[in-house]
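Written below as structure tokens is the structure these notes are about.
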Amino acid sequence: MNNAAPKHLTIIGAGLAGALLATLLARRGWQVDVYEKRGDPRQQGYQGGRSINLALAERGRHALRLAGADDAVMAQAVMMRGRMVHFLDGRTDLQRYGRDDSEVIWSVHRGELNLILLQIAEDAGAQLHFHRGLHSVDFERRLAVFHDDRDGSSHEIVFDSLVGADGAGSALRGAMKQAADLGERTEFLGHSYKELEIPPAADGGFSIEPNALHIWPRGRYMCIALPNDERTFTVTLFLPNEGEPSFASVRSGADARALFERDFADALPLIPQLEEDFERNPTGLLATLYLDRWHLDDRAVLLGDAAHAMVPFHGQGMNCAFEDCVALAERLLADDDRARAFAEFQARRLPSARAIQAMALENYLEMRDRVDDDDYLLQRALERELAERHPDRFMPRYAMVTFHRMPYEVAFERGQRQRELLVELTRGHDSLGSLDWDAVDATVCARLSPLPTDE
Ligand SMILES: Cc1cc2nc3c(=O)[nH]c(=O)nc-3n(C[C@H](O)[C@H](O)[C@H](O)COP(=O)(O)OP(=O)(O)OC[C@H]3O[C@@H](n4cnc5c(N)ncnc54)[C@H](O)[C@@H]3O)c2cc1C
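Residue 266 in the UniProt record's numbering sits at position 266 of the sequence shown, with consecutive numbering throughout.
Laid out in structure tokens, this is it:
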């Protein structure tokens, strides 16, 4: 493709990543067409059907700033300073995520976020086509067929290149698989989730601390709750698929009530529609999707959940998808050779996706099982102390992932080395008072190189 060729791109999916990528390119003069299987949520209301709110962190905010969307999104976001842990005996403990209010995450409503992103994409000049679900692709003839769910009609378009931003069940991925081996592998977690709601208190305000991500850790399972700006909380119950308790044993609203009476007693009075929510809302499956290949020469590329869906326990799936959009837009803007741009995008982002997928899986264990464990709490106390003493070398992994933009794989690798240090330095101690700080400082300097800065 040479410089004179019109820069045109066809994006499948006007969800979070599709709308953001469309904006980044349309703002740079590209002709972008986005095809979305659902109707326009700006006209008919959002019908997302899953994970009502999401934690937005620095990586996502950086991408939103580049697209000119950060102010509008932040106007409806609720700050979460840390994890509010709810123990079985009813005690609570706020574990801050960062050093102060400059290191926090934000709860955003998926539907409102999608509306904002669609509007800025359209304002930037992208053409949005709703009720156009990708059905099949003829890669030889560069022809894509879409179905309209309202009347079952088919619509063909000719494309230069397709971008699959059509989520975990990507139809484009399905079509690409028929043309080439993508090395696809899906690993199911064996745990699923159900969403419930805490309505506002009688006075119209939040009924529990709004500026926190609430967690009820219970070993093999847990509940979390994120605030919404309309003063509600979305509660997500995570349970194994088998065993006791599990989605196999907790089947009805009455079973759910009994589980909450036993294990989440302080949450129960906050969820007046528990039985109805439990029975009405779908049970969502959790899985990690691995591909060895994200693109088909210059004809198609995948990003976001379509390329690397992950379990939600680091709150990074959307943040990572937004980072993908920035990386792909950068490559496309820098290189007229699309096959090369797609290959470089994959080379840069695939290791990052693998790293955050692994960290998301690890975080499930940490959230449900470790946040109330003594060894873990001592290691966390040392982690905070070392971050204070050696800000240029030691940074909690959570902070590297959440408040910074160093590649995920760097955060993963440094995090592993730091964890080994924390285990080693706290072994045989039950408080930080008994540590030999000169030896601790020397070990940190010997084992950890200075931290990279954000690009
Ligand atoms: C329970 C849960 C909690 C989560 N919490 C967080 C969190 O706190 N923070 C975070 O960063 N991430 C979180 N995530 C992950 C996040 O939801 C995803 O990573 C993110 O939505 C990925 O964006 P996407 O644009 O790739 O896909 P999606 O948001 O799924 O968008 C895909 C779009 O493509 C459309 N589409 C699908 N098929 C077709 C087709 N055939 N033709 C045309 N269009 C099609 C869909 O309608 C949709 O609009 C969570 C996920 C879950 C399940």
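All C-beta atoms in this analysis are idealised placements derived from N, C-alpha and C, irrespective of residue type, glycine included. Here the structure is a predicted model, which is why all the values come from computation and not from measurement.
{"Item": "Give the straight-line distance between the Cα atoms of residue 440 and residue 330, rounded to the nearest whole angstrom.", "Value": "42 Å"}
{"Item": "Consider the C-beta atom of residue 12 and the heavy atoms of ligand 1; say whether any pair is separated by less than 8 Å.", "Value": "yes"}
{"Item": "What are the start and end residues of each continuous beta strand (DSSP E) run of 3 or more residues lying completely inside the segment 257-319, in chain order?", "Value": "284-290 and 300-302"}
{"Item": "Take the Cβ of residue 44 as the centre, count every other Cβ of all protein chains shown within 10 Å, and call the residue buried at 16 or more, exposed below.", "Value": "exposed"}
{"Item": "Do residue 78 and residue 228 have their C-beta atoms closer together than 9 Å?", "Value": "yes"}
{"Item": "With DSSP collapsed to three states, give me the class of residue 384.", "Value": "helix"}
{"Item": "Pick from 274, 18, 35 and 341: whose alpha carbon is nearest that of residue 145?", "Value": "35"}
{"Item": "Within 10 angstroms of the Cβ of residue 164, are there 16 or more other Cβ atoms? Answer buried if so, exposed if not.", "Value": "buried"}
{"Item": "Which class does residue 115 belong to by DSSP, given the choice of helix, strand or coil?", "Value": "helix"}
{"Item": "Could you check whether the segment 171-183 touches the segment 132-146, counting it as contact only if at least three pairs of C-beta atoms, one from each stretch, sit closer than 8 Å?", "Value": "yes"}
{"Item": "Put residue 232 into one of helix, strand or coil per three-state DSSP.", "Value": "coil"}
{"Item": "Find out if the Cβ-Cβ distance for the pair residue 323, residue 352 is shorter than 9 Å.", "Value": "yes"}
{"Item": "Terminal residues of the continuous alpha helix (DSSP H) containing residue 62?", "Value": "58-66"}
{"Item": "Apart from the five residues on each side of it in sequence, which residues of its chain come closer than 8 Å, Cβ to Cβ, to residue 191?", "Value": "221, 238, 239, 240, 241, 286 and 364"}
{"Item": "Counting along the chain, where does the alpha helix (DSSP H) carrying residue 459 start and finish?", "Value": "No statement about residue 459 is possible, as the shown extent of the chain runs from 1 to 455 and does not include it."}
{"Item": "What residue range does the beta strand (DSSP E) around residue 7 cover?", "Value": "Unbroken run through residue 7: none, as it is neither H nor E."}
{"Item": "Classify residue 288: buried if its beta carbon has 16 or more other beta carbons within 10 angstroms, exposed otherwise.", "Value": "buried"}
{"Item": "Report, in whole angstroms, the separation of the C-beta atoms of residue 108 and residue 196, which I expect to be a contact under 8 Å.", "Value": "Between residue 196 and residue 108 the Cβ distance is about 19 Å, and since that is not below 8 Å, they are no contact."}
{"Item": "Quick one: using the 10 Å Cβ neighbour count with 16 as the cut-off for buried, is residue 256 buried or exposed?", "Value": "buried"}
{"Item": "Do you know how far the Cα of residue 373 is from the Cα of residue 124?", "Value": "50 Å"}
{"Item": "Would residue 304 pass as a contact of residue 274 if the rule is Cβ separation under 9 Å?", "Value": "no"}
{"Item": "Using 8 Å as the cut-off, classify the Cβ of residue 320 as near or not near the heavy atoms of ligand 1, replying yes or no.", "Value": "yes"}
{"Item": "Is residue 190 a contact residue of ligand 1, with contact defined as CB to any heavy atom under 8 Å?", "Value": "no"}
{"Item": "Express the C-alpha separation of residue 86 and residue 92 in angstroms, rounding to a whole number.", "Value": "5 Å"}
{"Item": "Is it the case that the Cβ atoms of residue 8 and residue 33 are separated by a distance below 9 Å?", "Value": "yes"}
{"Item": "With distances taken Cα to Cα, identify the nearest neighbour of residue 453 among 430, 394, 425 and 429.", "Value": "394"}
{"Item": "When the Cα atoms are used, what is the spatial distance from residue 2 to residue 335?", "Value": "Below a pLDDT of 50, predicted positions are generally treated as unreliable, and residue 2, at 46, falls in that range; the measurement from the model is reported next regardless. Those two C-alpha atoms are separated by around 10 Å."}
{"Item": "Since I believe residue 401 is in contact with residue 359 (beta carbons under 8 Å), could you give me their beta-carbon distance rounded to a whole number of angstroms?", "Value": "6 Å"}
{"Item": "By the DSSP assignment, the alpha helix (DSSP H) with residue 444 in it spans what residues?", "Value": "437-447"}
{"Item": "If you pair each beta-carbon of the segment 18-28 with each one of the segment 314-328, do three or more pairs fall below 8 Å?", "Value": "yes"}
{"Item": "Using only alpha-carbon positions, find the residue among 42, 315 and 386 that is nearest to residue 425.", "Value": "386"}
{"Item": "Can you tell which of 390, 212, 415 and 67 has the C-alpha that lies nearest to the C-alpha of residue 443?", "Value": "390"}
{"Item": "Taking 8 Å as the cut-off, is the beta-carbon of residue 37 closer than that to any non-hydrogen atom of ligand 1?", "Value": "yes"}
{"Item": "For residue 238, does the three-state DSSP call read helix, strand or coil?", "Value": "strand"}
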